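Some notes on the structure that comes next.
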Amino acid sequence: MTEIITALYHAASSEEPDTMDGPSLCDYYQRREEANQARRALVDTVGDEVDVDSYGVAMECQGFINGFSIALDMLK
Numbered sequence: 001m002t003e004i005i006t007a008l009y010h011a012a013s014s015e016e017p018d019t020m021d022g023p024s025l026c027d028y029y030q031r032r033e034e035a036n037q038a039r040r041a042l043v044d045t046v047g048d049e050v051d052v053d054s055y056g057v058a059m060e061c062q063g064f065i066n067g068f069s070i071a072l073d074m075l076k
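Numbering (full-length UniProt numbering), first residue to last: 1 to 76.
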């Protein structure tokens with residue numbers, strides 16, 4: 001099931017791990033400023049130790065998967 005939800009995330013966000021050049025889900029949620037604040041906080045915390053963009057996309061994808069899974073459970 002996780003693979004299906006992950007594919008749905010990539011389809012909805014146009015963010016493939018190889019390119020990551022499409023809009024992020026925060027654009028659709030109209031939460032761009034909040035996302036930028038979170039990114040700046042992460043950069044300030046970890047500096048150059050982590051690829052922040054890839055990490056952010058991974059966390060966004062995991063959040064989408066978690067939220068979608070909860071929604072599916074609520075439909076049962």
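Here a beta-carbon is modelled for each residue, glycine too, at the ideal position from N, C-alpha and C.
As the structure is a computational prediction, the values presented were derived from the model and not from experiment.
**Item:** Limits of the unbroken alpha helix (DSSP H) element including Leu72
**Value:** Numbered from 1 along the sequence shown, position 72 holds the residue referred to as residue 72. Element bounds for Leu72: 52-74.
**Message:** Output needed for Ile5: all residues of its chain with C-beta closer than 6 Å, excluding positions within five of it in sequence on either side, in chain order.
**Reply:** Here residue 5 corresponds to residue number 5 of the sequence shown, with the count starting at 1. In its chain, beyond the 5 residues on either side, Ile65, Phe68 have a beta carbon closer than 6 Å to the beta carbon of Ile5.
**Prompt:** Would Gly63 pass as a contact of Ala35 if the rule is Cβ separation under 9 Å?
**Reply:** Position 63 of the sequence shown holds residue 63. Position 35 of the sequence shown holds residue 35. The answer is no: Cβ separation not under 9 Å.
**Asked** Using DSSP with H/G/I as helix, E/B as strand and the rest coil, what is Arg31?
**Response** The residue you call residue 31 lines up with position 31 of the sequence shown. Reduced to three states, the DSSP call for Arg31 is coil.
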